[in-house]
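Structure record follows, encoded as structure tokens.
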Ligand SMILES: [Zn+2]
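In this note's numbering, the protein residues as written are 6 to 339.
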């Protein structure tokens with residue numbers, strides 16, 4: 006039996022993105038695959054009254070079970086209300102849907118938004134697949150994110166050896182023919198905690214830390230000029246905070262030369278037509294850093310609540326920081 010997201014208290018991205026583009030901020034899209042992550046996301050969004058997108062990847066569905074995740078998202082809406090957020094603006098979104106069937110299954114089970122990622126397909130095949138998903142999704146007022154251009158790095162099964170920036174000359178044709186509601190573009194962001202090789206970076210002479218190459222803002226501005234006001238999405242936009250990486254490495258971890266997207270650049274992008282910024286790795290790092298530190302300090306602890314409590318607190322702190330200081334979405338869902 007199928008269920009509509011509207012009955013679960015979720016919303017789609019249409020109005021959310023229109024407000025974000027007009028208001029010069031971006032909505033956070035945080036991935037989740039476990040309870041502590043979801044609690045931290047909902048607490049952060051509720052306290053800051055920020056619209057939020059809960060993202061579920063194919064890998065998360067496999068890890069946590071698709072049915073369970075769906076009910077967790079339903080529970081998240083009620084939890085937000087309990088925390089005093091009267092009208093929660095929460096989207097349940099499929100991240101990197103790879104087939105029509107996966108998207109359909111999500112739409113039929115309560116997702117309010119799906120991504121169909123045909124970016125690795127030839128252009129015309131990407132259009133055909135995206136259009137098919139859009140036609141199905143729009144019958145149920147579910148919004149669809151598509152992708153044009155290929156990101157470097159690995160996220161679940163989506164893998165690309167090298168990055169191919171989105172071609173601005175293709176975006177009008179693509180958006181018009183597919184009818185998609187938002188478009189993920191490639192301007193130099195990348196999935197994972199190793200977004201750039203040391204060779205692609207320069208080194209800060211003072212700290213010895215890697216400085217990544219800047220995002221291709223010229224490509225972003227060209228896309229904006231072609232599609233004024235059209236919602237643009239950035240994937241792979243974790244910043245890989247150095248203090249979390251240092252904490253991990255100081256407590257037995259090994260993440261040499263992990264590097265992300267500087268927050269100043271994301272702040273800049275959020276002011277443009279970029280209205281959804283995807284953050285996953287930073288949550289993983291915040292959780293792992295807190296747990297490693299805790300294990301080092303309290304070797305006798307073995308109750309998961311003892312180490313998952315600081316892990317959850319650390320993720321929540323990171324989410325609030327992104328909302329307030331990077332994306333500018335605080336108070337946009339009062
Ligand atoms: Zn992605």
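Don't be surprised by glycine CBs; every beta carbon is placed ideally from N, CA and C.
Judged by their CB atoms, residue 196 and residue 241 are nearer to each other than the 7 angstroms cut-off.
Under the three-state reduction of DSSP, residue 35 is assigned to strand.
Set against 6 angstroms, the gap from the CB of residue 240 to the closest heavy atom of ligand 1 is smaller.
In the three-state reduction of the DSSP assignment, residue 24 falls in the helix class. By the criterion of at least three beta-carbon pairs nearer than 8 angstroms, the stretch 11-25 is not in contact with the stretch 322-330.
Taking all protein chains shown into account, residue 123 has 16 or more neighbouring C-beta atoms within 10 Å of its C-beta and is therefore buried.
Sequence-distant partners of residue 175 (beyond 5 residues in either direction) whose C-beta falls short of 8 angstroms from its own C-beta, in its chain, are 128 and 153.
Our two residues, residue 228 and residue 59, have alpha carbons roughly 26 angstroms apart in a direct line.
Here the alpha carbon of residue 213 sits roughly 21 angstroms from the alpha carbon of residue 220.
With contacts defined as CB atoms closer than 7 angstroms, residue 332 and residue 33 qualify as a contacting pair. With contacts defined as CB atoms closer than 7 angstroms, residue 321 and residue 65 fail to qualify as a contacting pair. In the DSSP assignment, residue 102 falls outside any alpha helix (DSSP H) and within the unbroken beta strand (DSSP E) covering 95-102. In this structure, the alpha-carbon of residue 9 lies about 45 angstroms from that of residue 216. Under the three-state reduction of DSSP, residue 143 is assigned to helix. The beta carbon of residue 142 lies closer than 8 angstroms to those of 108, 112, 119, 148 and 149 in the same chain, with the five residues before and after it left out. In the DSSP assignment, residue 189 falls within the unbroken beta strand (DSSP E) covering 187-190. Here residue 182 is near residue 132, since their CB atoms are less than 7 angstroms apart. In this structure, 280 is the residue among 292, 41 and 280 with its C-alpha nearest to the C-alpha of residue 188.
Shown here, residue 319 sits in a helix according to DSSP, grouped into three states. In this structure, the alpha-carbon of residue 258 lies about 18 angstroms from that of residue 244. One Cα belongs to residue 262, the other to residue 339, and the distance between them is close to 40 angstroms.
Cβ atoms of residue 38 and residue 69 come within 8 angstroms of each other, at about 5 angstroms. Distance from the Cα of residue 6 is smallest, within the candidate group 89, 110 and 51, for 110.
By a beta-carbon distance limit of 8 angstroms, residue 218 contacts residue 201. Their separation comes to about 7 angstroms. Counting along the chain, residue 72 sits inside the alpha helix (DSSP H) bounded by residues 71-87. Taking a contact as a CB-CB distance under 8 angstroms, the pair residue 125 and residue 335 does not count as one, their CB atoms being some 36 angstroms apart.
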